[in-house]
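Going by the working numbering, the first residue of the sequence shown is number 74, and it counts up by one from there. A virtual CB, placed ideally from N, CA and C, is assigned to each residue, including glycine. Worksheet for the structure shown next.
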Amino acid sequence: RGAVGTPQRETGLKQLIDRIVKTYRKAGEDNSYFASPADAEIFEHELAYALLHQVFSFNSPVWFNVGTPQPQQVSACFILAVDDSMESIL
74 RGAVGTPQRE TGLKQLIDRI VKTYRKAGED NSYFASPADA EIFEHELAYA
124 LLHQVFSFNS PVWFNVGTPQ PQQVSACFIL AVDDSMESIL
């Protein structure tokens, strides 16, 4: 993220993971998903660990968009209505 040649430009994995993890922690706090501030901190640390150690990975739109100015599109695919017929599928 950030324009090339500016201080806002991400230059490493730590900045990338911090942007995503802190954004999700803030959303969890804003929506009362955590029972306590300690739970929010544990979530942040465990999510960062899992990403850093490649326990799992988000899809590309999350890496590119989470933590950036609105809108933040994080879906890579969309479910459309399909009837049970070849004409609808094709």
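For residue i, three-class secondary structure by DSSP
{"i": "P126", "result": "Looking at the sequence shown, residue 126 is not Pro but His. Note: H126 maps to coil in three-state DSSP."}
{"i": "V94", "result": "helix"}
{"i": "S161", "result": "helix"}
{"i": "Q81", "result": "coil"}
{"i": "Q88", "result": "helix"}
Where residue i falls, given that 16 or more other Cβ within 10 Å makes a residue buried
{"i": "L120", "result": "buried"}
{"i": "I93", "result": "buried"}
{"i": "E117", "result": "buried"}
{"i": "R98", "result": "buried"}
{"i": "V128", "result": "exposed"}
{"i": "V139", "result": "buried"}
query: Does the count of Cβ pairs from the stretch 109 to 125 and the stretch 149 to 163 closer than 8 Å reach three?
result: Because the criterion of three Cβ pairs below 8 Å is not met, the stretch 109 to 125 and the stretch 149 to 163 do not touch.
Ordered list of alpha helix (DSSP H) runs contained in the stretch 96 to 144, each at least 4 residues: 110 to 125, 133 to 138
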